[in-house]
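Working notes, beginning with the structure itself.
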Amino acid sequence: MEQKQFKAESKRLLDMMIHSIYTHKEIFLRELISNASDAIDKLYFKSLTDDSVGMSKSDFKIRIHIDKDARTLTISDNGIGMTKEELENNLGIIANSGSLKFKSENNLTEDSQIIGQFGVGFYSAFMVAGKVTVKSRAFGADTAYVWESEGTDGYTIDTCDKETVGTEITLEILPDAKDEAGNEESYEDYLNQYKIQSLVKRYSDYIRFPIVMDMTKSRRKADAAEDDHSSAAYEDYTEDVTLNSMIPIWRKNKSELSDKDYNNFYKNKFNDYSEPIAHAHVHNEGTPMYDALLYIPSRAPFDFYSKEYKKGLQLYANGVLIMDCCEELLPDYFCFVKGLVDSEDVSLNISREMLQHDAQLRSIAKSIERTVKNELTRMMKNDRTKYEEFYKAFGLQLKYGVYSDYGMHKDVLQDLLMFTSSNEGNPLVSLAEYVDRMPEGQEYIYYAAGETLARAEALPQTEAVKAKGYEVLYFTDNVDEFAIRMLMQYKDKKFKSVADSDLSLESDDEKKNLEEKAENSKDMLESMKKALEGKVTNVKLSGRLGSHPVCLSSEGEITMEMAKTLNAMPGADQKIQAQIVLEVNPEHEIYGKLMALAGQDEDKLAKYAQLLHYQAMLTQGMPIEDPAEFAGLICGLM
Numbered sequence: 000m001e002q003k004q005f006k007a008e009s010k011r012l013l014d015m016m017i018h019s020i021y022t023h024k025e026i027f028l029r030e031l032i033s034n035a036s037d038a039i040d041k042l043y044f045k046s047l048t049d050d051s052v053g054m055s056k057s058d059f060k061i062r063i064h065i066d067k068d069a070r071t072l073t074i075s076d077n078g079i080g081m082t083k084e085e086l087e088n089n090l091g092i093i094a095n096s097g098s099l100k101f102k103s104e105n106n107l108t109e110d111s112q113i114i115g116q117f118g119v120g121f122y123s124a125f126m127v128a129g130k131v132t133v134k135s136r137a138f139g140a141d142t143a144y145v146w147e148s149e150g151t152d153g154y155t156i157d158t159c160d161k162e163t164v165g166t167e168i169t170l171e172i173l174p175d176a177k178d179e180a181g182n183e184e185s186y187e188d189y190l191n192q193y194k195i196q197s198l199v200k201r202y203s204d205y206i207r208f209p210i211v212m213d214m215t216k217s218r219r220k221a222d223a224a225e226d227d228h229s230s231a232a233y234e235d236y237t238e239d240v241t242l243n244s245m246i247p248i249w250r251k252n253k254s255e256l257s258d259k260d261y262n263n264f265y266k267n268k269f270n271d272y273s274e275p276i277a278h279a280h281v282h283n284e285g286t287p288m289y290d291a292l293l294y295i296p297s298r299a300p301f302d303f304y305s306k307e308y309k310k311g312l313q314l315y316a317n318g319v320l321i322m323d324c325c326e327e328l329l330p331d332y333f334c335f336v337k338g339l340v341d342s343e344d345v346s347l348n349i350s351r352e353m354l355q356h357d358a359q360l361r362s363i364a365k366s367i368e369r370t371v372k373n374e375l376t377r378m379m380k381n382d383r384t385k386y387e388e389f390y391k392a393f394g395l396q397l398k399y400g401v402y403s404d405y406g407m408h409k410d411v412l413q414d415l416l417m418f419t420s421s422n423e424g425n426p427l428v429s430l431a432e433y434v435d436r437m438p439e440g441q442e443y444i445y446y447a448a449g450e451t452l453a454r455a456e457a458l459p460q461t462e463a464v465k466a467k468g469y470e471v472l473y474f475t476d477n478v479d480e481f482a483i484r485m486l487m488q489y490k491d492k493k494f495k496s497v498a499d500s501d502l503s504l505e506s507d508d509e510k511k512n513l514e515e516k517a518e519n520s521k522d523m524l525e526s527m528k529k530a531l532e533g534k535v536t537n538v539k540l541s542g543r544l545g546s547h548p549v550c551l552s553s554e555g556e557i558t559m560e561m562a563k564t565l566n567a568m569p570g571a572d573q574k575i576q577a578q579i580v581l582e583v584n585p586e587h588e589i590y591g592k593l594m595a596l597a598g599q600d601e602d603k604l605a606k607y608a609q610l611l612h613y614q615a616m617l618t619q620g621m622p623i624e625d626p627a628e629f630a631g632l633i634c635g636l637m
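In numbering that gives the first Met the number 0, the protein residues as written are 0 to 637.
Written as structure tokens, this is what we have:
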């Protein structure tokens, strides 16, 4: 037996790997299975040109065996095996990858299923094992060798008995213990057949060779009485069970798959009892090369708008799960998308747990963004009912996407937006549909903002815009006006709130008549403005109120609804004020009363001004700060 020591730098790297590089100890199984798959791939590649291999693809398999009494977990394969020199180079020198060398020597690129790159995955075994034993017999060799190590102290290499070609790795699982933080480390789990089964399903389900485990099961004894349901009526037996699916659905031809296949995969993979609204199956042969399955759920998860929600797609490399939620693959505004990406072209770091942020990753993300947008656009055009179902679940996220990052993404999202309309039945309409049916001479896209549809419809100004024959969009989400301010305009048409102080709906004759009345009412309006000092910035006459006596409008960039939203946010200590204007209807009988009081009873005029201001606030859906004062005004004037 030959005792050898790791080199000093290898010792440091091994110690760092055991304690630092890998986030989750359970991925050791993924790494060892991936190495076994690589070994089989090498021999399978050789069998394509060498008849002496004497094996077909169906003969290859990876086997897992648990021995609870000995506390060992064994992973074996019938792949190409390793010579003594290869054991020395691949296992004695950390970060020397035999797989990477094999790929290089054989010019294997896109079509190769070889997974290993760094030569470090094997050492993840020491996170759960006190001792690792590797027996290997190389293809074409008469002698087998055994490599043993207990970690950083070094390793031994010796000859051993092994009849078949391939590699067998036995891990002596550590006893349960507490980590440095005092938390219980349950290594016993890695001797549980159902735990191992779940780890294979999670990380290695799509390894293309069978992963077989001899599982202990229970069955009823043949001679057991029918009414005997005791444990004595059952016996244990062992059965080989294939743990992995092998062929991922996303690598199958679309013609082989039905909607039911796609939907069942989604429900099982992403734990959703509802079928998705839509899916997209992508096979990109460009640069980078990747396969993807993308799903749009039919409903938002309960935590979708909370900090706990995790966005991202599952990331696979050659069918091996690398990350459960790769956030970089999805923009925030499409964070509702579920699915996965499988690519050989992404650059992984040494632990294969995290991604290096490189051009390939950004290119895949950009391609996925286009795919999602195209799918949503197609749905809006060809299946409106489905799109409206989607929009009710996730439209708010699209609006946040328009508003975020200072409107950087508005060109991507603006054609996907929809708003409730004043048309009969209050349908959802897109901005394109609104603009396409604007009557000749209409300059603006008009909208009314309110906490509810009923409140937005009830605004006096809404009535005036609709009376002109113009359609009104109803904004009932807090983010709506903020998003629209980022858009600024759509197809050269600017947005205009019906609560804007300057709607310019009057004809030239109406404007002239209004100006004359405003001049005659100058003293009355000034008295009302003085009575409402601190509450409004101006009081003026309006020709757009129809049957309503007064309304509130705003000037400047901040509307009343925007101010209400901003002031309701946590930490909003300093109140934001919109520049509010009280508009008075000169065609309403209340106008005559106000004019009669001007210069005659200024005190009563001030009370009327305050009462009308309160009335306008209620109509606008704004909270009254002093209900007692409001009640007192009503009683006093009565």
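Ideal placement from N, C-alpha and C gives every residue a C-beta, glycine not left out.
Reference T155, options M527, V164, T163, V145, closest by Cα
For T155, the nearest C-alpha among the options comes from V145.
Pairwise C-alpha distance: Y446 and K492
Between K492 and Y446, the C-alpha separation is close to 13 angstroms.
Hey, I74 and I168: beta-carbon distance below 7 angstroms or not?
In contact: I74 and I168 (Cβ atoms closer than 7 angstroms).
From S33 to V319, what does the alpha carbon distance come to, in whole angstroms?
S33 and V319 have their C-alpha atoms some 8 angstroms from each other.
What does the Cβ neighbour count give for I61, buried or exposed, with the cut at 16 atoms within 10 Å?
Buried.
Whole angstroms are fine: how far does the CA of E327 sit from the CA of Q619?
Roughly 43 angstroms between the two C-alpha positions.
Check Y315 in the structure and name its three-state DSSP category.
Strand, per DSSP.
Among S135, A392, L524, P585, whose alpha-carbon lies nearest the alpha-carbon of Y304?
When each option's Cα is compared against that of Y304, the closest is A392.
For the alpha helix (DSSP H) that Q359 lies in, which residues bound it at each end?
Per DSSP, Q359 belongs to the alpha helix (DSSP H) from 358-381.
Quick one: what's M322 bridged to in DSSP?
Looking at the DSSP assignment, M322 forms a beta bridge with L314.
Which residues does DSSP list as the beta-bridge partners of M214?
M214 pairs with E238.
Assuming contact is defined by CB atoms lying nearer than 7 angstroms, are E470 and S421 in contact in what I supplied?
With contacts defined as CB atoms closer than 7 angstroms, E470 and S421 qualify as a contacting pair.
Around the C-beta of E509, are 16 or more other C-beta atoms found within 10 angstroms, so that it is buried, or is it exposed?
E509 is exposed by the Cβ-count criterion.
Hey, how far is the Cα of S96 from the Cα of T564?
Confidence is the limiting factor: at S96 the pLDDT is only 46, short of 50, which leaves the residue's position unreliable, though a coordinate-based value still follows. S96 and T564: Cα-Cα distance of roughly 57 angstroms.
With DSSP as the reference, please indicate the residues paired to W146 in a beta bridge.
Answer by DSSP bridge pairing, in chain order: V133, I156.
Return the chain-ordered list of same chain residues with a C-beta closer than 6 angstroms to the C-beta of T241, the five sequence neighbours on each side being excluded.
Residues of the same chain with a CB within less than 6 angstroms of the CB of T241, apart from the 5 flanking positions on each side, are P209, V211 in chain order.
On a CA-only basis, which of Y202, A498, F269 is nearest F27? Give me that one, please.
The candidate whose alpha carbon is nearest that of F27 is Y202.
To the nearest angstrom, how far is it from the Cα of E374 to the Cα of L502?
Note on geometry: alpha-carbon atoms of E374 and L502 lie some 38 angstroms from one another.
Helix, strand or coil, according to DSSP, for H547 in the structure here?
Coil at H547, not helix or strand.
From this set, E450, L504, R436, which residue's C-alpha is nearest A466's C-alpha?
For A466, the nearest C-alpha among the options comes from L504.
Going by the CB atoms, is the gap between D341 and P287 shorter than 7 angstroms?
Cβ atoms of P287 and D341: not closer than 7 angstroms.
Only counting the same chain, and skipping five residues up and downstream in sequence, which positions put a Cβ closer than 7 angstroms to that of E109?
Reliability of the predicted coordinates at E109 is poor, the pLDDT of 42 falling under 50, and the value obtained from them is presented with this limitation in mind. Contacts found: M288, E343.
Check whether the Cβ atoms of E582 and C634 lie closer than 7 angstroms to each other.
No; because the gap between Cβ atoms is not below 7 angstroms, this pair is not in contact.
Measure the alpha-carbon distance for G285 versus G406 and round it to whole angstroms.
If you take the alpha carbons of G285 and G406, they lie about 30 angstroms apart.
Use the C-beta contact count for P639: other C-beta atoms within 10 angstroms, 16 or more gives buried, fewer gives exposed.
Lying before the first or after the last residue shown, residue 639 is absent from the chain, which here runs from 0 to 637.
Under 8 angstroms, with one C-beta from each stretch per pair, do the segment 364-380 and the segment 446-462 reach the 3-pair mark?
At 8 angstroms Cβ cutoff, the stretches do not touch.
What are the boundary residues of the beta strand (DSSP E) that I295 is part of?
Looking at the DSSP string, the run of the beta strand (DSSP E) that includes I295 is 289-295.
Helix, strand or coil for L31? Go by DSSP, reduced to three states.
Three-state DSSP puts L31 in a helix.
Taking a contact to mean a Cβ-Cβ separation below 7 angstroms, would you say N584 touches L544 in this structure?
A contact, by the Cβ cut-off of 7 angstroms.
Give every residue of the same chain whose Cβ lies closer than 6 angstroms to the Cβ of I39, excluding the five residues on either side of it in the sequence, and list them in chain order.
Answer for I39: F59, D76, G78, F208, listed in chain order.
Going straight from the alpha carbon of S111 to that of C159, what length do you get?
Any reading at S111 needs caution, since the residue's pLDDT is 46, under 50, leaving its predicted position unreliable; the model's value is listed next. Taking the Cα positions, S111 is about 32 angstroms away from C159.
M81 beta carbon less than 7 angstroms from that of A137
Yes, these two residues count as a Cβ contact at 7 angstroms.
In terms of residues, what are the limits of the beta strand (DSSP E) holding D76?
Counting along the chain, the beta strand (DSSP E) containing D76 begins and ends at 71-76.
At which residues does the alpha helix (DSSP H) containing F333 begin and terminate?
No alpha helix (DSSP H) holds F333; DSSP gives it neither H nor E.
Provide the residue span of the beta strand (DSSP E) that contains Y443, from first to last.
Run containing Y443: 443-448, per the beta strand (DSSP E) assignment.
For S123, the nearest candidate out of S148, K83, V428 (CA to CA):
For the residues S148, K83, V428, the minimum Cα distance to S123 belongs to S148.
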